[in-house]
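**Q** Read in order, the letters of the sequence shown are residues 452 to 554 in my numbering. All C-beta atoms, glycine included, are put in the ideal place defined by N, C-alpha and C. Bear in mind the structure is a predicted one, so any value in this text is a computation, not a measurement.
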Amino acid sequence: MIMELIHTLYFLKKIKNKDLLRDIWKRYIDVQEKLLQRRSIPINIIPESVRIVDKKLKITVDEYDKTSEILDVISEKFYLQEDEICIEKSYFLADIDIIVNHI
452 MIMELIHTLY FLKKIKNKDL LRDIWKRYID VQEKLLQRRS IPINIIPESV RIVDKKLKIT
512 VDEYDKTSEI LDVISEKFYL QEDEICIEKS YFLADIDIIV NHI
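1. If we count the other Cβ atoms within 10 Å of its Cβ and call it buried at 16 or more, is Ile503 buried or exposed?
2. Identify the residues that DSSP records as bridge partners of Ile536: which are they?
3. Return yes when the Cβ of Ile521 is within less than 9 Å of the Cβ of Ile494, no when it is not.
4. Could you check which residue in Lys485, Arg473, Pro498 and Ala545 has the C-alpha nearest to that of Thr511?
5. When we look at the beta-carbon of Ile525 and count the other beta-carbons within 10 Å, is it buried (16 or more) or exposed?
6. Report the three-state DSSP secondary structure of Val512 (helix, strand or coil).
7. Just how far apart, CA to CA, sit Arg473 and Ile550?
8. If you draw a straight line from the alpha carbon of Gln488 to that of Glu533, how long is it in whole angstroms?
9. Out of Ser541, Lys528 and Glu484, state which residue places its alpha-carbon closest to the alpha-carbon of Ile547.
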């Protein structure tokens with residue numbers, strides 16, 4: 452993870468167009484913000500499931516997977532197809548030329 456960040460920072464230093472660099476960072480920060488917002492949502496308990504059994508509180512949690520919503524945000528911000536995002540390894544590759552053409 453640290454090496455990926457170092458490579459990314461090195462790549463971004465090579466970009467001469469400051470407006471482009473600013474836009475890339477803005478998009479990156481927007482995605483990070485959305486990810487944090489979605490990951491910090493409180494646990495969703497199904498109200499009908501709450502019961503006490505043998506002095507223990509038993510509940511059922513709604514385990515709806517929000518991965519597809521996260522993929523949608525990344526796809527939208529960086530103009531990617533979902534198959535271009537590697538969620539398992541926490542990275543994606545975006546074409547700067549495509550991003551620049553949408554500014």
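**A** The answer reads as follows:
1. exposed
2. Phe543
3. no
4. It is Pro498.
5. buried
6. Three-state result, Val512: strand.
7. 12 Å
8. 20 Å
9. Sorting Ser541, Lys528 and Glu484 by C-alpha distance to the C-alpha of Ile547 places Lys528 at the top.
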